[in-house]
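> One structure, as structure tokens, below. Some questions next.
Numbering (our numbering), first residue to last: 675 to 765.
Below is the structure:
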């Protein structure tokens, strides 16, 4: 059975465009960022969590994820601050 991708949109780590995303897939680019203990401590990660051998200090980072125009969506700065990051991306 053939499958056709007829449209696509998204935001991806280390890819500002869909073309870059596909190029990264093709080229085997690692898009996961690994953080040092110092970076995680500075970000407020609980030291007990950092000591857990199951904790993985890595994630896919979306560029400019902190940029959000709350006023455009009729939100106060406080509402935007407590809004789930996934919800902000959806908007």
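Cβ coordinates follow ideal geometry from the N, Cα and C atoms, glycine included.
1. Quick one: Cα of residue 631 to Cα of residue 718, how far?
2. Mind pulling the beta strand (DSSP E) runs of 3 or more residues that sit fully within the region 699-753?
3. Residue 707 and residue 732 look like a contact to me (Cβ under 8 Å); what is the Cβ gap, rounded to whole Å?
4. Once you ignore the five residues that flank residue 709 on each side, which residues in its own chain have a CB closer than 7 Å to its CB?
5. From 720, 696, 753 and 751, pick the residue whose C-alpha is nearest to that of residue 686; which is it?
6. Can you list, in chain order, the residues of its chain whose CB lies under 7 Å from that of residue 703, leaving out five sequence neighbours each side?
7. Taking the C-alpha atoms as reference points, what is the distance between residue 700 and residue 681?
8. In angstroms, rounded to a whole number, what distance separates the CA positions of residue 705 and residue 750?
9. Closer than 7 Å, CB to CB, is residue 695 near chain B or not?
Quick answer:
1. Given that the chain is displayed from residue 675 to residue 765, the structure contains no residue 631 and the question cannot be resolved.
2. Taking 3 residues as the shortest admissible run, the region 699-753 contains the following complete beta strand (DSSP E) segments, listed from N- to C-terminal end: 706-708 and 732-734.
3. Within the chain shown, numbered from 1, the residue matching residue 707 stands at position 33. Within the chain shown, numbered from 1, the residue matching residue 732 stands at position 58. Going by Cβ atoms, the distance from residue 707 to residue 732 rounds to 6 Å, so yes, they are a contact pair.
4. Within the chain shown, residue 709 is the residue found at index 35, counting from 1. Taken in chain order, the residues that qualify are 731 and 732.
5. Within the chain shown, the letter at position 12 stands for residue 686. Checked all of 720, 696, 753 and 751; the closest Cα to residue 686 is 696.
6. Looking up residue 703 in the chain shown gives position 29. Hits under 7 Å: 688.
7. As a first step, residue 700 must be located in the chain shown, where it is residue number 26. As a first step, residue 681 must be located in the chain shown, where it is residue number 7. Spanning the two alpha carbons is a distance of roughly 19 Å.
8. Along the chain shown, one-based indexing puts residue 705 at 31. Along the chain shown, one-based indexing puts residue 750 at 76. Per the coordinates, the alpha-carbon of residue 705 lies some 33 Å from the alpha-carbon of residue 750.
9. Judged by its chain identifiers, the structure shown contains no chain B, having just a single protein chain.
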